[in-house]
């Protein structure tokens, strides 16, 4: 059972989501605006948030950014906004997934479950590598911190998930489909534009020369490989 916070100003959709979530043994709280959503999330932290972008009191992007200042709760955007730029903006702000309206209820619930599962954390095994160090930066997998030139590097949640997936497979080719499904879920298996955008972000933040990457190597048409 998960605690789900539904942030949506359409009462009919709230009712539909609530019925379907409760039928699957989830507990549900609802907010019709961003201010109320932030207050609820701070008081009783949910396990996952379903967030509409067009709220009456503030834009969904602002809600995501405010949440990401203090919370890593999974956020699944549910919105009528369809352009790739709006989707990327939401993901870059810290959303974990993006579902466009109208949607299939079973697909939405599957993505909700996947978002929760991806964010579940467990203690590292005794023999698991906890810190990965290159000549240009270091990554602490337990503390979830990246340092370069003695300074912390700020990564969005999506950038971190992509980085973590690659560095846990050093020297091995990770296919485009594997990366997309690991970071964005099974629905994203063909959205390679996501990878191009976020790999460019990682290279800009971590590579000494992003135009000639040393650590994040592209295998054209296949995937990416991390080299220390």
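In the numbering used here, the protein residues as written are 614 to 841. Cβ coordinates follow ideal geometry from the N, Cα and C atoms, glycine included.
Annotation for residue 796: 774 and 775 place their beta carbon closer than 6 Å to its own, counting only its chain and skipping 5 residues before and after. In the three-state reduction of the DSSP assignment, residue 707 falls in the coil class. Residue 628 counts as exposed, since fewer than 16 other C-beta atoms from the protein chains shown sit within 10 angstroms of its C-beta. Residue burial is scored here from C-beta neighbours: residue 677 has at least 16 other C-beta atoms within 10 angstroms and is therefore classed as buried. At a Cβ-Cβ threshold of 8 Å, residue 805 and residue 705 do not count as neighbours. Counting only runs that start and end inside the segment 776 to 839, the beta strand (DSSP E) elements of at least 3 residues fall at 786 to 788, 829 to 832 and 836 to 839. With contacts defined as CB atoms closer than 8 Å, residue 753 and residue 744 qualify as a contacting pair.
Residue state for residue 758 is assigned as strand, using DSSP reduced to three classes. If you draw a 10 Å sphere on the C-beta of residue 639, you find 16 or more other C-beta atoms in it, and that means buried.
Distance from the CA of residue 714 to the CA of residue 763, rounded to the nearest whole angstrom, comes to 44 Å. Contact between the segment 648 to 661 and the segment 614 to 628 is present, with at least three C-beta pairs closer than 8 Å. Here residue 673 is near residue 664, since their CB atoms are less than 8 Å apart. The beta carbon of residue 749 sits closer than 6 Å to those of 821, all from its chain and outside the five residues before and after it, given in chain order. In this structure, DSSP gives residue 646 a state outside helix and strand, which the three-state scheme calls coil. For the set 830, 667, 691 and 636, the Cα lying nearest the Cα of residue 661 is the one of 691. According to the DSSP secondary-structure assignment, residue 749 is paired through a beta bridge with no residue.
Distance between residue 779 and residue 703, taken at the CA atoms: about 22 Å. Just so you know, the alpha carbons of residue 781 and residue 728 end up roughly 19 Å apart.
In this structure, the CA atom of residue 793 is about 8 Å from the CA atom of residue 803. With a beta-carbon spacing of about 7 Å, residue 659 and residue 642 fall inside the 8 Å limit used to define contacts. Taking the C-beta atoms as reference points, residue 657 is found no nearer than 8 Å to residue 689.
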